[in-house]
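Protein chains in written order, with the working numbering: chain A, 10 to 331; chain B, 3 to 321.
See the structure below:
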């Protein structure tokens, strides 16, 4: 009798979870498919550890922007913060020593604040604002570095392996993700940001200072990207890159949308982005292991992007500028 | 006093026309002072080459921005059209040009479909399509540099007529046609209406969704045409074609006075914007300012013109 009761409870809970997160189904299907097609390559500890590494990269890049997508705007500046931050670390290394890594969160904070103030006061669509800033940061990075990647020594201890097959960067990212999820789900700031995403005019009429909270959202996004970049910097090779890859910009966005944060805003959030990032990482690894041509892989992931965007934009009405 | 007020009032009302003109004259004068080579015959040929393909692509993008949307895929479609020409001219001959244009228009149709029917934000939709287009371009070209050996094809853009290369006349022709479409044809009036007030446009009987699709198709068609002619101009190319284009292209349309909010501006204004942006680019190249520094400058210019042109009275909420 007891067992029956438990069964009655478990099934609806599973159905409820799957309804709320349809991406889980896709994730399971993908894992089963890749395991079935080439188990000898896919079902290895090394592969899972690589998937986790990719997950860390995607999640840390996508964490800040997913806060912004909840409010209905877009933030593309994350790769710029990571790139410019890396070159600033290289520049400041002789002066500040090991403390120079702290320049990345400061840069993130300043960038977020700047974007927020310009977006709110200048009323510029956030995507074009952050895109221009991203290109500016890219150019600054390349100018400051003289056109070559600059390796920085001394931060390898951050990602030094502790547990076999479990990337240390993954352990580091857990408190950061928790902080973001906590802010979005358990504080007044988070509630207001969800409200701004679903009905900005209504929030304004309710007497909440929308401008203040939007600036706060962009600042938080920049700060989370900055803190994440401390880990991403050694995680992605301890060198300040000088070339902007469109993939680095696009994939965190796909992780956000695929995770279930619609571009219109108002729902979703950082906790869902992790799921999206995991799906993207599995797809990426699965396709890489499939021994297809690299060009064909690029084409396939592009199609995935389009599908996820179309799915993520369901129910978007009355948005003129985007 | 009254005259002064009047002139100030006039200036404020015509800022979007006067501003770009002053900027263009200042840029030409400035570069001419720094580098006397700027306005020599060869200098002008360089400037014309730099602006022509850009103007064709920018005219198409202008229509999209006039409707209040954005087309991120223009540089990618341009790249694909250019690479299609160089890859298949041996097999197909000149049939490759209609093929490239047809494929370009097809991607424009997909863009429009996503934006108008699926309600995807135009920026995200066109970003996604451009990733696919880049993927196809990479798949076909394998990332190599391909050279164009067909001299008749190259003559499309490089024949000199009255001292200027023929791509300049193509660009001027496209610019005049675009201006004519925007000013004198129902298509243009509908574009302004859709950008200015989509609900009003729908109520007055315009099929807004279909019109948005047409606009994206037009944009991609011009992007494809620019790609074909650019390939004829360059005589070869790789995946790097149009790689640095998105921000300057956007900046040139907006600098001309077509605000991101839609409903104002037009292709006739884009000519000035293209002159400003591409001549800054060419001038900086003549002064040996590198691509990296150019990127910083164009990023800031794009930001500046977006802030300067946007119409804040018309929008309450901006995301």
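No residue lacks a Cβ here, since even glycine has one placed at the ideal position from N, Cα and C.
Next item on the list: With distances taken Cα to Cα, identify the nearest neighbour of residue 233/B among 271/B, 52/B and 9/B.
Entry: By one-based count along the second chain, residue 233/B stands at place 231. For the residues 271/B, 52/B and 9/B, the minimum Cα distance to residue 233/B belongs to 52/B.
Note to self: So residue 28/A contacts chain B; which residues on that side make the cut at Cβ distance below 8 angstroms?
What the structure shows: Locating residue 28/A in the first chain gives position 19, counting from the first residue. Going along chain B, no residue has its Cβ under 8 angstroms from residue 28/A, so there is no contact; the nearest lies around 22 angstroms.
Next item on the list: List the residues of chain B whose Cβ lies closer than 8 angstroms to the Cβ of residue 138/A, in chain order.
Entry: Translated into positions along the first chain, residue 138/A becomes position 129. Annotation: Cβ neighbours of residue 138/A in chain B (cutoff 8 angstroms, chain order): 305 and 308.
Notebook entry, point to check: DSSP state of residue 329/A, grouped into three classes?
Noted result: Here residue 329/A refers to the residue found at position 320 when the first chain is read from its first residue. Bear in mind that a pLDDT of 40 at residue 329/A, under 50, signals an unreliable position, so the model cannot answer this.
Checklist line | Contact set between residue 180/A and chain B, taken where Cβ atoms lie within less than 7 angstroms | finding: The residue you call residue 180/A lines up with position 171 of the first chain. Those do not exist, as residue 180/A stays about 32 angstroms from chain B at its closest Cβ, beyond 7 angstroms.
Notebook entry, point to check: Just how far apart, CA to CA, sit residue 271/A and residue 245/A?
Noted result: Taking the first chain and counting its residues from 1, the one referred to as residue 271/A is at position 262. Taking the first chain and counting its residues from 1, the one referred to as residue 245/A is at position 236. Their Cα atoms are separated by approximately 29 angstroms.
Notebook entry, point to check: Are any of the Cβ atoms in chain A nearer than 8 angstroms to that of residue 131/B?
Noted result: Numbered from 1 along the second chain, position 129 holds the residue referred to as residue 131/B. Chain A contact via Cβ: present.
Item checked: Through-space distance from residue 11/B to residue 97/A, alpha-carbon basis -> As a working note, residue 97/A is residue 88 in the first chain. As a working note, residue 11/B is residue 9 in the second chain. In this structure, the alpha-carbon of residue 97/A lies about 47 angstroms from that of residue 11/B.
Notebook entry, point to check: If you run the structure through DSSP and keep just helix, strand and coil, what is residue 10/A?
Noted result: If you number the first chain from 1, residue 10/A lands on position 1. The predicted model places residue 10/A with a pLDDT of 45, which falls under 50 and marks its position as unreliable; any figure quoted below should be read in that light. Three-state DSSP puts residue 10/A in coil, outside helix and strand.
Check: residue 269/A CB to nearest chain B CB: under 8 angstroms?
Finding: For the purposes of this step, residue 269/A is taken as the residue at position 260 of the first chain. For residue 269/A, the answer is no, since every Cβ of chain B falls outside 8 angstroms of its Cβ.
Next item on the list: Using a cut-off of 7 angstroms between C-beta atoms, extract the partners of residue 228/A located in chain B.
Entry: Taking the first residue of the first chain as 1, we reach residue 228/A at position 219. Result: empty, since nearest Cβ-Cβ is about 17 angstroms, beyond 7 angstroms.
Next item on the list: Tell me whether residue 113/B is buried or exposed, calling it buried when 16 or more other Cβ atoms sit within 10 Å of its Cβ.
Entry: If you number the second chain from 1, residue 113/B lands on position 111. In summary, residue 113/B is buried, with 16 or more beta-carbon neighbours lying within 10 Å of its beta-carbon over all protein chains present.
Note to self: Less than 8 angstroms between the C-beta atoms of residue 124/B and residue 65/B, yes or no?
What the structure shows: For the purposes of this step, residue 124/B is taken as residue 122 along the second chain, with counting starting at 1. For the purposes of this step, residue 65/B is taken as residue 63 along the second chain, with counting starting at 1. Going by C-beta atoms, residue 124/B is not nearer than 8 angstroms to residue 65/B.
Check: Between the C-alpha atoms of residue 277/B and residue 139/B, what's the straight-line distance to the nearest angstrom?
Finding: Walking along the second chain from the start, residue 277/B turns up at place 275. Walking along the second chain from the start, residue 139/B turns up at place 137. Each residue's alpha carbon lies about 29 angstroms from the other.
Item checked: Local Cβ density within 10 Å of residue 247/B, reported as buried at 16 or more and exposed below that -> If you number the second chain from 1, residue 247/B lands on position 245. Around the beta carbon of residue 247/B, a 10 Å sphere encloses 16 or more other beta carbons of the protein chains shown; the residue is thus reported as buried.
Notebook entry, point to check: Using 8 angstroms as the limit for Cβ to Cβ distance, is residue 147/A near chain B?
Noted result: The residue given as residue 147/A occupies position 138 in the first chain. At least one chain B Cβ lies under 8 angstroms of residue 147/A.
Next item on the list: Could you tell me the boundaries of the alpha helix (DSSP H) in which residue 56/A lies?
Entry: Taking the first residue of the first chain as 1, we reach residue 56/A at position 47. Here the alpha helix (DSSP H) through residue 56/A covers 54-79.
Check: Which residues in chain A sit within 8 angstroms of residue 302/B, going by Cβ to Cβ distance?
Finding: Residue numbering aside, residue 302/B sits at position 300 when the second chain is read from its first letter. Ordered by position in chain A, the residues that pass the 8 angstroms Cβ test against residue 302/B are 141 and 145.
Notebook entry, point to check: Given 8 angstroms as the limit, is there contact between the stretch 285-304 of chain A and the stretch 82-95 of chain A, that is, 3 or more CB pairs closer than that?
Noted result: no
Checklist line | Reduced DSSP category for residue 48/A - H, G, I as helix; E, B as strand; rest coil | finding: Along the first chain, one-based indexing puts residue 48/A at 39. If DSSP states are grouped into helix, strand and coil, residue 48/A belongs with the helices.
Notebook entry, point to check: Using a beta-carbon distance cut-off of less than 8 angstroms, what residues from the stretch 278-302 of chain B approach chain A?
Noted result: 292, 293, 294, 295, 296, 297, 298, 299, 300, 301 and 302
Checklist line | Residue-chain proximity (residue 138/B, chain A), Cβ-Cβ < 8 angstroms | finding: On the second chain, position 136 is the one that residue 138/B refers to. Yes, residue 138/B lies at the interface with chain A (some Cβ there is under 8 angstroms from its Cβ).
Check: By Cβ distance below 6 angstroms, which residues in the same chain neighbour residue 161/B in space, the five residues on each side in sequence not counted?
Finding: Start at 1 with the first residue of the second chain, and residue 161/B comes out as number 159. These residues qualify, in order along the chain: 168.
Notebook entry, point to check: Going along the chain, which residues of its own chain have a beta-carbon closer than 8 angstroms to the beta-carbon of residue 210/B, five neighbours each way excluded?
Noted result: The sequence position of residue 210/B within the second chain is 208, counting from 1. Around residue 210/B: 118, 196, 200, 203 and 204.
Check: Just by C-beta distance, which residues in the stretch 162-189 of chain B are closer than 7 angstroms to chain A?
Finding: Within the stretch 162-189 of chain B, no residue qualifies.
Notebook entry, point to check: Does the separation of the CB atoms of residue 180/B and residue 63/B fall below 8 angstroms?
Noted result: What you label residue 180/B is simply residue 178 of the second chain in a count that begins at 1. What you label residue 63/B is simply residue 61 of the second chain in a count that begins at 1. At least 8 angstroms separates the beta-carbon of residue 180/B from that of residue 63/B.
Item checked: Chain-order list of residues whose beta-carbon lies under 7 angstroms from that of residue 326/A (same chain, five-residue window excluded) -> Numbered from 1 along the first chain, position 317 holds the residue referred to as residue 326/A. For residue 326/A, the predicted structure reports a pLDDT of 45, less than 50, and the residue's modelled location is therefore unreliable. A value from the coordinates is still provided. For residue 326/A, where only same-chain residues beyond five positions count, there are no Cβ hits under 7 angstroms.
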